[in-house]
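Student:
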Amino acid sequence: RVTGGGRLENWSDFSKLNLALEQKGQSVGQANLNSVTLEGLQASALSSTLTLSGNYGPKGADFELSSTGQFSGRVAGNLKGEVVSAEYSLGYGSYSAKGKVQTQLGGARALSGTAQVSGLPADVVAGPADFTLSGTLDQPTLRSSLNLLGAAAKLEARLDAGLSSASLEFADGPQTKAQGTLFWKADKLGGEITLERKLNAGELSDPVKATLGLSGTLENPQAKLSAQYRDVALSGNGSLESGNLQVRTRTENGTLSWKGSTVTSDVRDFDLSSLNLPGYSGVLGLVGGLDLGGRTGKLDLKLENLKTPFTIPYLDLELAGSANGTLELGQNSSLDLKVQTAAGTLELNAQDRQGWRGQAKVDLKAPKGGQIQGSVLLEGLEKPALSGSIVAQQVQLDLADTPLTVNGQVLFLGQDFTLTGLLEAGGGKLRLEGDGAVADALPALRSVGLTQSDNGYQVRAALESVNLKNIRLRGLKLPDYLEGRVSGNATFAESVSTFTLRSEALTLAGEELPARLEGTFSGGNLRLRGGFGDSSASGSVTDGLLNARLELVRTPLHAFIGAFSGPLPGKSYATGAARYRGRLDDLLGGQLEAVAENLSVEGGSQSLRGYGQLEYVRGVLKIPNIVLDGAGSVRVRGEYSPQKVDFTADFINTSFTPLLRLVPALRTLEPSLKGTVKVKIGGTFEQPSAQVTSQNLEGSFAGIAVQSAGLGGSLTGNLLELAGTLNASSVFTATGQVNARANLSVRGLANTVITWTGKGKVDNFGPLEAVKATLTQNTGAERWTLQAAARQGGTISIGGEVAPRLILNFVAQGINPVISPLFIKSSTLNARGKFERLTGVEAVNTPLSSAVFTDPPLNSETSVSPDKTALEGTGNGLSVRQDRYRLSGGADFSSLLFGAVTTAATPAGPQAPTTPGGSNFVSPLPDELTTFPQAKTAVKRAPSFLEGLEFDSFDLNSSRGGVKVDENLARGEFTGRLTLSGTGATPRLAGKLTPVRGSVFLRENEFLLENDTTQITFDPSEGFYPRILLNARGLNKVRLRNRDVTLKVQVTGDFITVKTVTPLGDGTVGEAKEEKKLQLDTTLSTDTGISCSSSDLAAECGELYALLATGSSDLTNLTGNITQSALKTAVNVLIIGELERGIARALNLSVFRIRTNALDFDPDFKANFTVGTYLTKEFYVQYQVDLQGNGLLDAQYTTADGRFTFTVNTPLQWLDLSKAKPTFGLSYNLPLDSRSSIEFGVKTGAVGGNELKLLLNYRLSF
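Every letter in the sequence shown is one number past the one before it in my numbering, and letter 1043, counting from 1, is 1089.
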């Protein structure tokens, strides 16, 4: 309706006339002779509603046309002078187009524009298709470059006076090789193209080659086609009216043709295996013809020995077998089909007598057990009726990975059905009952004459206590830590369906909550209502619009997170409300409001409590305030929108422990962190920027203490940078600087480089200087590599991949490590090898020479056998999977000290007092009688990393004399080669050490080792415990039975397994424990034939042992000799010892000792004095001198734990340093248990000579 009004001076002047436009009572525009304004003028077209708004005036015009319905979108344009421009975005179903166009109405009438069309079939056109428009209004030209059928295609079409000409040129593309051109010119089609493509690399291994040629006109196009795949060829020509195609294989020639509405097939024995499709075989026959327009003809179908890779869902029944069928169309149409499978038969017989009637039968045995039988008959012309039943008995199904047992039946009577059934799964039951009209439940059967009823249908279901732990749903993974039993019921009907689910005690990660959920579905709309604990939720979906409301009352957020990750050490509770409103097809375009009136996060003794608010409206995020206080303070506020980007988050002196422990990925690391972090986000909505600063961060991850005085980061553009100090300590200590750079995008991080420089110290390895490690993200965002170098005496280099695989190559040159887990300490080591993770990765043989280092390898190649095995165990009911690692390569030791060191078996020198005023008194009694018994320490389980660390025949080589041993019993140098295998928790050594030179000492007697028969042997079946065999000859002859004889000694040592039990208080004994103890056997003999291994020489052996034990072989005076030895000990301890301690206290010395032969009544009186003091707790210096001025200066360094001892000594004459002849010594102690040990050592350059002596000192307590 148009209304207007105004004042006319005359009928020829309408300048003051104004018009108002109204539509359905609403104003939609105004107009006069100079301007037109439209606001919301609507019209309907093409099942869509069009809305037009705009202005027209003397200076130009602008307009906007929007559409809703089948066509959706908008077109906005303007007219300025003679230039018209417009932008558009349109959609129809799955298709969409957007672009812009501009043209001149006068002058050259130039035309330009772009278009992007999306939603085209992906198999035909890959991705959006881009078009450009150029030329003039009279002669426009359309161009495009397309990915068409996997080939590159260029389109060019002239659109003047309609479509005057067009061409489509093909070239090789990403999936298809192509060449040729198809064109339309002068009202004629022409051209030819050839295509070659693999349709599916996983199925069709060879390419399909095809040629297509066009001719004729647009009204009557003609095509010529030929295609070839392996031994199958298809060729022919045709048009819209008729055509003929020849099908040829190795064994079959057939035809497919069409003429008008008649389709004819003459394919009798087509071998499906000729297609070379994996899983397909059989013979196909299709013979006959059908007039689809006149509904006449006959077609025979044959399938013999068909096999396919498919199975029928749920039944797990292979789709294979044979089938025969005939379809006849005419006055008496009929269909007969019989399918025979390994599981049974299916039959269908039907006739068309003014409507299809017939019978269907089924008799199948389910592959996993059970049977399905049925027969249903449809008869009756005027009023069709069904009769029969389908029965399932103990049918075993697999419903979405959940085993299911089905019993039930469906009875058909007339046009109604009755259903009863029982489904059992997860320890629960689902009972089904139903009845109603078949046509209401299955509307498709209305086509055979079944009619709707007024009563509809209804199916009722009752769920009886199903255990959620036994339910596995494919595609819908239930949380691993969700437990409980669920019951419920449901009613399904044609108009309204309802359901109810409830659980009295739903357990989420150990926390119980009652839960319920109710729903109603009607007319495409859904209503939901539920609750968990004291919280509730409700929602609805109406015409695609989602409305939801959540009311939280101290809701345990940690329980919901823990249901997916496992029980968490932290807890979090929320009380508040949230609302959401938006369309299901555009959730990000909706509106969310959330208010937390009370929010708390707790972890251990630390907690944060506060409140918060959040708003999200169509892409705009606003946080008015989030406030948490307690273990520090948290303040978060800001806005992130196209109009404003201003977001800040301040964590002041805050404990991040509760927050970190709620993150599943960090939970196993037992994180702890405290400090100050400030985040500020600015920039623009399209390109935000960020600044992050931190101060005084302290905490730990996985037992590693971390500390940073300051870290700073920024995000500018897409460049992310981080720099600051980062220190860590655990079994290692590291202090240094970290720098990182990366490109950040919506796809994640790219081109990341993280560098750490500094220094460190590794327990049982030593200090590391000039450490530099660089972690780099390589091409392919998931691949990370590491390059690292350090100095530790010599140099260490490490390089390789850390993710997704872990393969690191390492080279060490001239370093001095301590490798405690393997009981090895080295003064000089060169090594090369590889460390890799095996779990889930196929290990490969990698020549070490191809590593990132250029040094010549010790071994040219290291062979690594494939191993994907992972150790599995259970703890707290949770399955644990452990990675496995492998160390391969080799090491050369130029100097090696073998064995772990605990406390020294015997004091190597005086020890500093452990308490003020403590005594240096050395008791002659055994330790068991002078010390309190130590509490038994429970044997700790080997660390999981060591259990998963595998040694792949790691070679340990030693140069001649590189292994040195020096102690009271033996001294010498050994050489040898050992091979390390086994795991880090249970290492195994194979090989042997043989002496280069050495001696064994018994009292004043020295025995030279016999190199040919002395060796220390390592058997891998004994782990790292050696077998010791020492054979030695006396250096000096001794007097035995008035003869000078040479003594021989043989020492054999084996580590034996001893079982011990601990008595319990109730009279029983505890579990037996196995311990390794060293069993040493010493056998003495002489060069005259006396051997203590013979029982016939007991008297001679007695004299021999007496000679070594008391210094005299006189058995008749054994009591006197023992008495004199005891008297010497008493005088030294009670008299001389007390004098020594008094002088030491007076002179503030650690040690003052006197040694004299006065008690031997020797006329050649001798005495020596020893003075010693500790310069530091670990460093001891001692000077010993006799009455003639002959002296000996000793210096000794012992680590705080007593495991390692280093000594230097030299003889001196009246402190004349010019005559010093220094010697050096090292010693280790290998503990066998808390009371027994074996000590190895080395001492070089003995006083007065150049000999090297081996020492093996053992101490056993029983």
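Here a beta-carbon is modelled for each residue, glycine too, at the ideal position from N, C-alpha and C.
Computed from a prediction, not measured in an experiment: that's the story for all the values here.
1. For Ser-584 and Arg-595, I'd like the C-alpha separation in whole angstroms.
2. With 16 as the cutoff for other CB atoms within 10 Å, does Lys-348 come out buried or exposed?
3. Mind pulling the beta strand (DSSP E) runs of 3 or more residues that sit fully within the stretch 783–856?
4. Opposite Asp-176 in the DSSP bridges: which residues?
5. In or out: Gly-721 buried (at least 16 other Cβ within 10 Å) or exposed?
6. Put Thr-497 into one of helix, strand or coil per three-state DSSP.
7. Using a threshold of 8 Å, state whether the C-beta atoms of Ser-646 and Ala-677 are closer than that.
8. Determine the DSSP secondary structure at Asn-891, reduced to helix, strand or coil.
9. Decide if Val-542 is buried, meaning its Cβ has at least 16 other Cβ atoms within 10 Å, or exposed.
10. Does Gly-530 pass the burial test, meaning 16 or more other C-beta atoms within 10 Å, or should it be called exposed?
11. Tell me whether Tyr-527 is buried or exposed, calling it buried when 16 or more other Cβ atoms sit within 10 Å of its Cβ.
12. Using 8 Å as the cut-off, can you tell me whether the stretch 129–142 makes contact with the stretch 151–168, which would need three or more C-beta pairs spanning the two stretches below that distance?
13. What does the alpha-carbon distance come out to for the pair Ser-925 and Thr-588?
14. Identify, in the order they occur along the chain, each residue of the same chain with its Cβ nearer than 6 Å to the Cβ of Leu-674, setting aside the five sequence neighbours on each side.
15. Look at Ser-499 and Ala-483 and say whether their C-beta atoms are less than 8 Å apart.
16. Count the other CB atoms, across all protein chains shown, that sit within 10 Å of the CB of Lys-1105; report buried if there are 16 or more and exposed otherwise.
17. Give me the Cα-Cα distance between Thr-700 and Gly-612, rounded to the nearest whole angstrom.
18. Could you pull out every residue in the same chain whose Cβ sits closer than 8 Å to the Cβ of Ser-687, ignoring the five residues on either side in sequence?
19. Measure how close the beta-carbons of Leu-772 and Ser-754 come, nearest whole angstrom, since I'm counting them as under 8 Å.
20. DSSP beta-bridge partners for Ser-760?
21. For the candidate residues Ser-1045, Gln-838 and Gly-416, whose alpha-carbon lies nearest to that of Asp-809?
22. Do you know offhand how far Phe-693's Cα is from Gln-504's?
23. In the DSSP assignment, what residue or residues form a beta bridge with Ala-507?
24. Taking DSSP's pairing of strands, which residues face Thr-1032 in a bridge?
25. Would you list the residues sitting across from Val-1104 in a DSSP beta bridge?
26. How about Leu-1126 and Gly-1099: are their beta carbons less than 8 Å apart?
27. For Pro-602 and Gly-636, what's the separation of their Cα atoms in angstroms?
28. Nearest to Ala-774 by alpha carbon, out of Ala-751, Ala-796 and Val-784?
29. Under the assumption that Ala-620 contacts Leu-598 (Cβ atoms under 8 Å), give the Cβ distance between them as a whole number of angstroms.
30. Need the endpoints of the alpha helix (DSSP H) that Ala-487 sits in, please.
31. With Ala-224 and Ala-197 assumed to form a contact (beta carbons below 8 Å), what rounded beta-carbon distance in angstroms separates them?
32. Whose C-alpha, out of Thr-1114, Ala-91 and Lys-1094, is nearest the C-alpha of Asp-1133?
33. Start and end of the beta strand (DSSP E) containing Gly-119?
34. Using 8 Å for Cβ pairs, my map puts Leu-459 next to Pro-413. What's the rounded Cβ distance?
35. Is it a yes or a no for the stretch 313–321 touching the stretch 266–282, going by three-plus beta-carbon pairs under 8 Å?
36. Select from Thr-820, Glu-828 and Lys-144 the residue whose C-alpha is nearest the C-alpha of Arg-851.
Tutor: The structure says:
1. Here the question's residue 584 lines up with position 538 in the sequence shown. Here the question's residue 595 lines up with position 549 in the sequence shown. Between Ser-584 and Arg-595, the C-alpha separation is close to 5 Å.
2. Counted from its first residue, the sequence shown places residue 348 at position 302. With 16 or more other Cβ atoms within 10 Å, it is buried.
3. Listed in chain order, the complete beta strand (DSSP E) runs (minimum 3 residues) inside the stretch 783–856 are 794–808, 812–823, 830–838 and 840–849.
4. In the sequence shown, counting from the first residue as 1, residue 176 sits at position 130. Under the DSSP definition of a beta bridge, Asp-176 partners with Gln-162 and Ser-191.
5. Counting from 1 along the sequence shown, the entry for residue 721 is found at position 675. Buried, by the Cβ-count rule.
6. Here residue 497 refers to the residue found at position 451 when the sequence shown is read from its first residue. Under the three-state reduction of DSSP output, Thr-497 falls in the coil class, being neither helix nor strand.
7. Residue mapping note: residue 646 aligns to position 600 of the sequence shown, counting from 1. Residue mapping note: residue 677 aligns to position 631 of the sequence shown, counting from 1. In this structure, Ser-646 lies away from Ala-677, with their beta-carbon atoms at least 8 Å apart.
8. Position 845 of the sequence shown, counting from 1, holds the residue named residue 891. Since pLDDT at Asn-891 reaches only 34, below the 50 mark, its modelled position is unreliable, and the value read off the structure follows with that caveat. In the structure shown, Asn-891 sits in coil (DSSP, three-state: anything other than H, G, I, E or B).
9. Numbered from 1 along the sequence shown, position 496 holds the residue referred to as residue 542. Answer is exposed; the Cβ neighbour count stays below 16.
10. Here residue 530 refers to the residue found at position 484 of the sequence shown. The Cβ neighbour count for Gly-530, taken over all protein chains shown within 10 Å, is at least 16; the residue is labelled buried.
11. The residue you call residue 527 lines up with position 481 of the sequence shown. Taking a 10 Å sphere around the C-beta of Tyr-527, we find 16 or more other C-beta atoms and assign the residue as buried.
12. Proximity of the stretch 129–142 to the stretch 151–168 meets the contact definition, three or more beta-carbon pairs being nearer than 8 Å.
13. By 1-based counting over the sequence shown, the position of residue 925 is 879. By 1-based counting over the sequence shown, the position of residue 588 is 542. Residue placement at Ser-925 is flagged as unreliable, the pLDDT there being 34, under the threshold of 50; a coordinate-derived value is accordingly withheld.
14. Residue mapping note: residue 674 aligns to position 628 of the sequence shown, counting from 1. If you ignore the 5 residues before and after Leu-674, its C-beta comes within less than 6 Å of the C-beta of Leu-654, Gly-656 and Val-680, all in its own chain and listed in chain order.
15. Position 453 of the sequence shown, counting from 1, holds the residue named residue 499. Position 437 of the sequence shown, counting from 1, holds the residue named residue 483. For the 8 Å CB-CB criterion, Ser-499 and Ala-483 form a contact.
16. Stepping through the sequence shown from its first residue, residue 1105 is reached at position 1059. When all chains shown are included, Lys-1105 counts as exposed.
17. Sequence index remark: in the sequence shown, residue 700 carries index 654 (1-based). Sequence index remark: in the sequence shown, residue 612 carries index 566 (1-based). Distance between the alpha carbons of Thr-700 and Gly-612: 25 Å.
18. One-based indexing of the sequence shown puts residue 687 at position 641. Answer for Ser-687: Gly-665, Val-666, Leu-667, Lys-668 and Phe-731, listed in chain order.
19. Position 726 of the sequence shown, counted from the first residue, corresponds to residue 772. Position 708 of the sequence shown, counted from the first residue, corresponds to residue 754. For Leu-772 against Ser-754, the beta-carbon gap comes to about 5 Å, under 8 Å, which counts as contact.
20. Here residue 760 is taken as the residue at index 714 of the sequence shown, counted from 1. Ser-760 is bridged to Gln-737 and Glu-767.
21. Numbered from its first residue, the sequence shown carries residue 809 at position 763. The shortest CA-to-CA distance from Asp-809 to any of Ser-1045, Gln-838 and Gly-416 is the one to Gln-838.
22. As a working mapping, residue 693 is identified with position 647 in the sequence shown. As a working mapping, residue 504 is identified with position 458 in the sequence shown. Computed Cα separation, rounded: 55 Å.
23. The residue given as residue 507 occupies position 461 in the sequence shown. Residue pairing of Ala-507 in beta bridges, as defined by DSSP: Leu-478 and Ala-536.
24. By one-based count along the sequence shown, residue 1032 stands at place 986. Partner residues in a beta bridge of Thr-1032, as assigned by DSSP, do not exist.
25. To locate residue 1104, count along the sequence shown from 1; it is residue 1058. Looking at the DSSP assignment, Val-1104 forms a beta bridge with Glu-1121.
26. Indexing the sequence shown from 1 puts residue 1126 at position 1080. Indexing the sequence shown from 1 puts residue 1099 at position 1053. For Leu-1126 and Gly-1099, yes; Cβs fall inside 8 Å.
27. Your numbering for residue 602 matches position 556 in the sequence shown. Your numbering for residue 636 matches position 590 in the sequence shown. Those two C-alpha atoms are separated by around 27 Å.
28. Looking up residue 774 in the sequence shown gives position 728. It is Ala-751 whose Cα lies nearest to the Cα of Ala-774.
29. Locating residue 620 in the sequence shown gives position 574, where the first residue counts as 1. Locating residue 598 in the sequence shown gives position 552, where the first residue counts as 1. Rounded to the nearest angstrom, the Cβ distance from Ala-620 to Leu-598 is 5 Å, consistent with a contact under 8 Å.
30. Taking the first residue of the sequence shown as 1, we reach residue 487 at position 441. First-last of the alpha helix (DSSP H) with Ala-487: 484–487.
31. What you label residue 224 is simply residue 178 of the sequence shown in a count that begins at 1. What you label residue 197 is simply residue 151 of the sequence shown in a count that begins at 1. Confirmed, Cβ separation roughly 4 Å.
32. Numbered from its first residue, the sequence shown carries residue 1133 at position 1087. Residue Lys-1094 is the option with its Cα nearest to Asp-1133.
33. Translated into the one-based positions of the sequence shown, residue 119 becomes position 73. Where Gly-119 is concerned, the enclosing beta strand (DSSP E) starts and stops at 117–126.
34. Here residue 459 refers to the residue found at position 413 of the sequence shown. Here residue 413 refers to the residue found at position 367 of the sequence shown. Separation of the CB atoms of Leu-459 and Pro-413 is rounded to 32 Å, and the pair is thereby denied contact status at 8 Å.
35. Yes, the stretch 313–321 is in contact with the stretch 266–282.
36. The sequence position of residue 851 within the sequence shown is 805, counting from 1. Nearest option by C-alpha distance: Glu-828.
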